[in-house]
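Here the structure is laid out as structure tokens; the discussion comes afterwards.
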Amino acid sequence: MPLWWALGTASFIWIIASVPMAWTLFRRTPIKAPPGFGLLLLFLGWVLVSASQAEGLRLISVGYRVALYFAAAILFLYIYNLSEEELPRARVLKLATLYFFYAIVGGYAAFIVGDLRFTSPMEYLLPGPVLENPLAQQLVRPTFAQSQDFLGPSLPRPTAPFVFTNEWGSGLGFLAPMVIAAWGVLGKRWQSCITLLALVAFVPIIISVNRGLWIAIIVGTIYGTILLATRGDTKYLRALLAAGLVCLVLTVASPLGGLIAARLANDHSNNSRLTIYEQTIDQIQDSPWIGFGAPRVNEDEPNKPAVGTHGQFWTVLYSHGIPGALLFVAFSLSIARRSLQGQDRAGVWLHVTVALVPVMMWFYDILNQPIFVIMLAAGTALRGVPRPSSSHDVDPVVGGASQLSPSQPTDTRTLVRTV
């Protein structure tokens, strides 16, 4: 991922990768889909309808978002149809941990080089008219941080290997449960490395002053720990208490405590977000059924964030209207509920990643990279618990979850059958 980011293609790599995934799915029969996938198909159909609202340079941003949604759906279906032998769950957890590591490295890089940005090879390749679109320019011009001064001195808030600082926080928030899963099931060596990674990650996570990320980690960790504790698995409960004590000591014994207090006391972003949400609700009344295709520049204050941003729910509502928002919420809740059924220890944490969507969608956008993390977790979780014999890295079933065949997900729907 760092390579794609440096080349200016990180925002497009999943779209590109979805093409061979779709071809592989097309050649595989039968194609299986989990219950609730129909809601996603309906949502995608509504996204196409609302895309008719785009015109001029907005076609770029609307088309890009449409491509992201379809690529995410393809990834979800692709992962779901792979067997444990084709894509072991342990490998998914390792990749998620590596992704998390890259983001933490990006966090430290932000403190060293600040908001340094550079022209990527992709930017050189794009024609000038395309780069006139602000979103297109941001997507292909890598930057290490977004400097903001709402706490006083200018503070470099990490972005790499993502595009925006809130995307950095969103990505880490959804990756964290998968890293916790890896800590619990991948063996002693990985457990030691992840413990060290967690300690190192504490500093950039706090200095990013990203409250949404703090909420995601706290809520997700407590939720997953409680789920496992009710099944008799107290390993994470003990680890949570130890981690909480370490975080408390680090906070009290360092300037980080003052930074946390200052961020919680500052309502700068609260007022800005409330204004955006009010404008979203006000303007969507002009097109309640199909929305506007994508967020739009604030005509009254063009230097302010676009209307229909700062939260996936608000983005979907503004872009695709009330029906689109209802379909998105229904799909998110359906997949979150189903991803918990019959899970073992690692599966519970994959479920937590999916279950965070209804929590975080009110203040975090999940386009672009975070949505693929979510779909990766959802597709893997819904495949079911792998056989213990299929991977030495996977823990025994916890809490009476049934041992499922990795090539036969439970409760599926067949999209295509062999004639």
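Just so you know, my numbering puts 125 at position 124 of the sequence shown, and the rest follows in order with no gaps.
Just so you know, even glycine gets a beta-carbon here, dropped at the ideal spot from N, CA and C.
This one's a predicted model, so the numbers in the text were calculated from it and none came from an experiment.
Check, Outcome
"Run of the beta strand (DSSP E) containing ALA34, from where it starts to where it stops", "32–34"
"Sub-8 Å separation of GLY258 and THR252 beta-carbons", "yes"
"Segment contact, 8 Å Cβ cut-off, at least three pairs: the region 342–350 with the region 178–195", "yes"
"CB of PRO159 within 8 Å of CB of PRO205, strictly", "yes"
"Cutoff 7 Å; reference PHE163; Cβ partners in own chain excluding five residues on either side", "TRP169, GLY172, GLN370"
"Burial state of GLN313, where buried means 16 or more other Cβ atoms lie within 10 Å", "buried"
"Minimum C-alpha distance to MET362 - residue among LEU377, VAL349, TRP350, LEU327", "LEU327"
"Coil, strand or helix - ARG232 by DSSP", "coil"
"Alpha-carbon to alpha-carbon, LEU136 and ALA243", "43 Å"
"Beta-carbon proximity of GLY221 to SER121, cut-off 8 Å", "no"
"Three-state class that DSSP yields for SER148 in the structure shown", "strand"
"Assigned exposure category for LEU200 - 16 Cβ within 10 Å defines buried", "exposed"
"Three-state class that DSSP yields for LEU1 in the structure shown", "This structure does not reach residue 1, given that the chain is present from 2 up to 420, and the question cannot be answered."
"4-residue-minimum alpha helix (DSSP H) runs that sit fully inside the region 330–365, ordered along the chain", "346–356, 358–361"
"Chain-order list of residues whose beta-carbon lies under 6 Å from that of SER403 (same chain, five-residue window excluded)", "Interpretation of SER403 is limited by its pLDDT of 36, a score under 50 that renders its predicted location unreliable; no figure is taken from the coordinates."
"Residue from LEU43, LEU60, ILE105, SER53 with nearest C-alpha to PHE71", "LEU43"
"Other residues of its chain near ALA74: CB distance less than 7 Å, five sequence neighbours each side excluded", "LEU41, LEU45"
"Residue nearest to PHE119 in terms of C-alpha spacing, selected from LEU140, TYR278, ARG338, GLY108", "LEU140"
"C-alpha distance - THR316 paired with ALA52, whole-angstrom precision", "13 Å"
"Residues bridged to ARG118 (per DSSP)", "THR144"
"Start and end residues, alpha helix (DSSP H) containing ALA68", "59–82"
"DSSP state of LYS189 mapped onto helix, strand, coil", "helix"
"Cβ-based neighbour list, ASN134, same chain, cut-off 6 Å, excluding 5 preceding and 5 following", "LEU58, ILE61"
"Supposed close pair ILE367, VAL355 - CB separation, criterion 8 Å", "With 8 Å as the limit, ILE367 and VAL355 do not qualify as a contact, their Cβ atoms being about 11 Å apart."
"Cut-off 8 Å between Cβ atoms - residues of its own chain near ALA424, not counting five sequence neighbours on either side", "Since the first and last residues shown for the chain are 2 and 420, residue 424 lies out of range."
"Which of helix, strand or coil DSSP assigns to VAL308", "strand"
"N-terminal and C-terminal residue of the alpha helix (DSSP H) that ALA427 is part of", "Given that the chain is displayed from residue 2 to residue 420, the structure contains no residue 427 and the question cannot be resolved."
"CB contact flag (TYR81, PRO35, <8 Å)", "yes"
"For SER51, the first and last residue of its enclosing alpha helix (DSSP H)", "38–51"
"Buried versus exposed call for ILE17 [16 or more other C-beta atoms within 10 Å across all chains shown]", "exposed"
"DSSP three-state assignment for ARG297, whether helix, strand or coil", "strand"
"Own chain residues within Cβ distance below 6 Å of TYR237, not counting five before or after", "THR226, LEU229"
"Which of helix, strand or coil DSSP assigns to LEU88", "coil"
"GLY174, buried or exposed, once every other Cβ within 10 Å from all chains shown has been counted against 16", "buried"
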